[in-house]
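First the structure, in the form of structure tokens, and then the observations on it.
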Amino acid sequence: MKRLVLSTLASGLLLAACTPADEADTDAAPAPETTTGTTDAGHSAPAEDTGVSSAAIAEADMRRMISTLADDEFEGRAPATPGGIAASQWIADEMARIGLEPGYEGSYFQPVPLLEVTLDESTSSFDIAHNGEPLGLTANEDVVFWTKRATEEVSLDSSDLVFVGYGVVAPEYGWNDYEGVDVEGKTVVMLVNDPGYADPDSGLFNGNAMTYYGRWTYKYEEAARQGAAGVILIHQTAPASYGWNVVSGSWTGAQLDLAREPGEGTFAAVESWVTEDVARQLFDLSGLDFDTLTAAASQADFEAVPMEGLTASATLHNSTRTLDSRNVVGIVPGTTRPDEYVIYTAHWDHIGIRDVAEGEDGIYNGAVDNATGTAAILEIGEAFMANPPERSVMILAVTAEESGLLGSAYYGENPIVPFSQTVGGINIDAMLPTGRSRDIIVVGHGASELENVLESVASEQDRYIVPDPNPEAGYFYRSDHISLAKHGVPMLYADGGEDLREGGTEAGQAAGEDYRANRYHGPADEYSADWPMDGMIENVELFYEVGSRLANSDDWPNWYEGNEFRALRDEQRGE
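What the sequence shown shows, in mature numbering (1 follows the signal peptide of the UniProt record, and there is no 0), is residues -23 to -1, 1 to 552, in sequence order.
Here it is in structure tokens:
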């Protein structure tokens, strides 16, 4: 889950990597028994009529599905574990019960092959030398390093360092940090975020709202495309929106990625982060001024700068193993235009089981994150089955979000439906059980024409739209919808806000802060029969109605002009 509980979860919104066990080729374990939730004194009453008709969104169903998915018997739903297998089978069984058609080659399962790479820290090293003299960087304190290459040993031998600013190639913004420089075999050094962050009033990129070019995922990919052997990303807390502790905690230990065939995917030999203190030392040693060059990097005339006298060397020893997980997909066939699709996404996985002291709870149930979203898309699927729309609707529950959006990334690389036939979609990730809110927070506000539909439906619920309060943090790029967005498909990522109808903003902020402090990515993220559900139900009704209007129209929403994904969509639509 990467979202607000939006403004209150900024410190914890990077990925939390799982370390799953081998997935056995066995039948799924039986689903845990649950009782259907009821609405009585102490529980939330049904949401009042707001002008949005979706009677099939039932609180009892939502409670049943959330409590089941968050039950201890599913062991935290880590991919490629017995609990994960059982959870995904249960989701498929629910799709069958609802009547959704199997979405992948006659099955509800789209296989997602994963690769686990574990760095042997005792025999691996990464260092930078000045004029041949190693600096003696300390792993995890000064630098974090790894490789995504599926090999047991990777090396880097005296690779020259080059500062490439933000490491961005963005034709739509007229920007190319690699222009005029050959980085083949070299190690590129770059800043996090994008040029608009440094000077929000400059008109560069999207101002202080991060674009996809500001994400570390893009930067490593682009460096590899340019032929770099190594990548060093400079960590700075403000532009990254998280501290060094997140870096050292998230990029160490076993790392999951998609398993690829030989020749698929391009990765630099070594990827890394260094602290700002180390970066300043490197600039000083090469006779460069860190502050001057970082300021220059946000100017349109920036040119890459060799870091004279500095070289990077590394030897990485890894153990690797392949794992099998799966996305779960069902289809509501359209009545008149079945080849056009509206898609709903939510990740079914969570963190699994962690080693804890005897007597402590080591199961990370992930009730909010993301049993809520998974239940929501299933309930939405059932609502559509009761009244099939003109276009088809895909219900896609993806795996391995907590390990880096891997299930949705696999779908993005292996779409079941061509993107040119995908109208748009809605992603649901971690809905807090609060009361009804007056506002709806749109993450990545100002991205696509889907927001026009959302605003229209919201007004019928007597609600208003609030932009993402922390656009510089790039939360729009941290959940599963981005895996489709970067292939051109307009995607909406929104949730109920903080301005609660009972208690106002103070109560809404307190709920988010309490979740962040006490339950987010912890064993206390459990379902309770005391959850107030009326706000969640209203939000699911909202998302259903937005999709229904898309699925019963002939509109093809696009990204707004100037968005980094607009050109892809225009090409798909032949515009």
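Idealized CB from N, CA, C, for every residue including glycine.
Three or more Cβ pairs closer than 8 Å define a contact, and the segment 390 to 399 meets that threshold against the segment 457 to 470. For secondary structure counted as the alpha helix (DSSP H) over 4 or more consecutive residues, the segment 338 to 377 holds these complete runs in sequence order: 349 to 363. Judged by DSSP secondary structure, isoleucine 328 falls outside any beta strand (DSSP E); it is assigned neither H nor E. In the structure shown, the three-state DSSP call for serine 302 is strand. In summary, aspartate 316 is exposed, with fewer than 16 beta-carbon neighbours lying within 10 Å of its beta-carbon over all protein chains present. Short of 6 Å from the beta carbon of valine 430, and not among the five residues preceding or following it, lie these beta carbons of its own chain, in chain order: Val523, Arg526.
The segment 181 to 235 is shown to contain whole beta strand (DSSP E) runs of 3 or more residues at 207 to 211, 232 to 235, in chain order. Rounded to whole angstroms, the separation of the alpha carbons of valine 394 and glutamate 378 is 21 Å.
Residue pairing by DSSP places aspartate 472 opposite Ile418 in a beta bridge.
Inclusion of histidine 324 and aspartate 457 in the CB contact set at 8 Å is warranted, their separation being smaller than that value. In terms of Cα proximity to aspartate 406, the closest of Val319, Leu293, Ala205, Gly350 is Gly350. DSSP, read as helix, strand or coil, puts valine 158 in coil. The beta carbon of arginine 314 lies closer than 6 Å to those of Glu367, Arg368 in the same chain, with the five residues before and after it left out. In the structure shown, the three-state DSSP call for serine 99 is coil. Serine 65: not part of any beta strand (DSSP E); member of the alpha helix (DSSP H) spanning 59 to 75, first to last residue. In this chain, the beta strand (DSSP E) harbouring leucine 138 covers 130 to 140. In this structure, DSSP gives aspartate 445 a state outside helix and strand, which the three-state scheme calls coil.
The residues Val166, Leu270, Ala281, Val282, Met284, in chain order, have a CB closer than 7 Å to that of phenylalanine 140 in the same chain once the five nearest residues on each side in sequence are set aside. DSSP places glutamate 335 outside any alpha helix (DSSP H), giving it a letter other than H or E.
Cβ neighbours of arginine 543 within its own chain (closer than 8 Å, five residues either side excluded): Glu149, Asn535, Trp536, Tyr537. Between threonine 58 and glycine 329, the C-beta gap is smaller than 8 Å, which places the two residues in contact.
Straight across, the Cα-Cα distance linking arginine 331 with glycine 339 is about 5 Å. The beta carbon of proline 216 sits closer than 6 Å to the beta carbons of Val169, Asn170, Tyr174 from its chain, once the five residues preceding and following it are set aside; these are given in chain order. The Cβ atoms of tyrosine 321 and isoleucine 354 sit closer than 8 Å to each other.
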